[in-house]
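In the working numbering, the protein residues as written are 36 to 477.
Right, one structure below, let's go through it.
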Ligand code: UGA
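So, in structure tokens, the structure goes:
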């Protein structure tokens, strides 16, 4: 059995470690934070992710998975997965300090022939930089044989286990024979030969150069963000010319060349990845003398959508100061409690800045933690949010908002305007309940 080490037990690292171990590998997750490592070792997840706790507990119980903060555990590893964070640094350029610390700490324990697999989202060229950084940090006695492979992740929060076990493709960047060795680790996923596997829908294995794999990660996220911004731009034009984006966008999505996914219009994209990666790609372009104008526009349109929400509320309420506004949803998307770059939270900030009295409810967010907003009241349920509200905003696409008792909501409100920023409400039913629904793109 080959020994797999996963350095960094954030979102990507924990999913990778748990899924690999569940599929049969022997895996040790390493984190600098002993408390986090200790909790994970006891089967406690530091974040919410569907199905992950079951996999984690099963792999721990089978003795294939453990977590530690001791780097000594990396001794003898055949594969070292780098899954540490690369948060945005100055000018949007990813901050590589965690990657640097990780590789410098791992180098003294690296066995000859080990493969460093980079899963952290790093700017193009980082694989080579990792190689030289490790070379410089290797002990004199080391024969210098090791390889670096890029293996970008395409995990979505809220469906990360599904995305890991049933991906569309596995991308590997580097050279032979290390590429084939990493591919062998993914054998169960590639063949879909595991309980619950889907042998009729096997993923593609795509091998390429290091730089191409690193670029593929950025290009994928940039395309998805651009597709959403494109949908929003079409919706904005629809609104002006009297067309209905709810009809137009699904109709273009039926063309297989375009595809139905990521055409959901409204408040736009958020989360910890799209904004960071698009900005990083713009910065990379500039480093090489290229102005990435489409990507800049992608960000600009996304920013416009958030401002448009404020304008729509203002157009109905006239003055925001002193008005009670209820916000349904705070997470950056449904299925997660993640508040990073959440459009909902950004809009809450702007409303409060404009003097509105804001109450919010999110099924998964009970405590704002480091995202605390002074003046924001968290409500018990959606009806509590509606209490005496002059207007409501649906800001996250939680499915449960689609089945709200609209009459009950209307009775609790002082006003009757509901701005549906995610297109989840049944407009006819809401109108029948006496609500005036506003939206995007119609
Ligand atoms: C995204 C990518 O989808 C993953 O493939 C990638 O691995 C991940 O980033 C990453 O780089 O780690 P994630 O940020 O979890 O995953 O969320 P998405 O499901 O992609 O949604 C991103 C944002 O776009 C959310 O705010 C969502 O509400 C918004 N969105 C999504 C729309 O506004 N419209 C849509 O049609 C789809």
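We put the CB at the ideal spot given by N, CA and C, even for glycine.
This structure is a prediction, so every number in the text was calculated from the model and none was measured.
Contact set for residue i: own chain, Cβ-Cβ below 7 Å, skip 5 residues either direction
i: residue 213; result: 150, 182 and 184
i: residue 111; result: 38 and 146
i: residue 418; result: 443, 444 and 447
i: residue 344; result: 302, 382, 428, 454 and 456
i: residue 441; result: 464, 465, 468 and 470
i: residue 109; result: 40, 65, 115, 141 and 144
Given residue i as reference, the closest of the options once Cα atoms are compared
i: residue 517; options: 141, 116, 193 and 145; result: In this structure the chain extends from 36 to 477, so residue 517 is not present and cannot be described.
i: residue 158; options: 170, 167, 144 and 127; result: 127
i: residue 223; options: 200, 209 and 245; result: 200
i: residue 435; options: 301, 397, 451 and 426; result: 397
i: residue 306; options: 369, 133 and 331; result: 369
i: residue 78; options: 52, 59, 60 and 40; result: 52
i: residue 56; options: 71, 66 and 87; result: 87
i: residue 16; options: 249, 467, 273 and 403; result: The requested residue 16 does not occur in the structure, where the chain is confined to residues 36 to 477.
i: residue 262; options: 337, 412 and 424; result: 337
i: residue 437; options: 459, 211, 62 and 381; result: 459
i: residue 98; options: 59, 80 and 114; result: 59
i: residue 138; options: 123, 118 and 80; result: 118
i: residue 40; options: 401, 431, 102 and 92; result: 102
i: residue 410; options: 461, 207, 421 and 387; result: 387
Nearest-angstrom Cα separation, counted from residue j out to residue i
i: residue 85; j: residue 378; result: 23 Å
i: residue 95; j: residue 456; result: 42 Å
i: residue 140; j: residue 106; result: 7 Å
i: residue 217; j: residue 233; result: 21 Å
i: residue 65; j: residue 333; result: 37 Å
i: residue 131; j: residue 298; result: 32 Å
i: residue 473; j: residue 44; result: 42 Å
i: residue 134; j: residue 203; result: 27 Å
i: residue 154; j: residue 170; result: 19 Å
Cβ shell of residue i (< 6 Å), same chain only, five flanking positions each side left out
i: residue 287; result: 293
i: residue 392; result: 359
i: residue 252; result: 156 and 187
beta-carbon residue i near the ligand UGA non-hydrogen atom, thresh 8 Å
i: residue 251; result: no
i: residue 61; result: no
i: residue 144; result: no
i: residue 97; result: no
i: residue 432; result: yes
i: residue 307; result: yes
i: residue 394; result: no
i: residue 216; result: no
i: residue 38; result: no
i: residue 263; result: yes
i: residue 356; result: no
i: residue 338; result: no
Cβ shell of residue i (< 8 Å), same chain only, five flanking positions each side left out
i: residue 268; result: 336
i: residue 425; result: 352, 358, 359, 360, 448, 449, 450 and 452
In DSSP terms, what residue i is bridged to
i: residue 49; result: Paired residues: none, contrary to the question.
i: residue 395; result: 362 and 413
i: residue 150; result: 114 and 182
Proximity test, residue i beta-carbon vs the ligand ZN heavy atom, cut-off 8 Å
i: residue 192; result: Absent from the structure shown: the ligand ZN. Ligands present: the ligand UGA.
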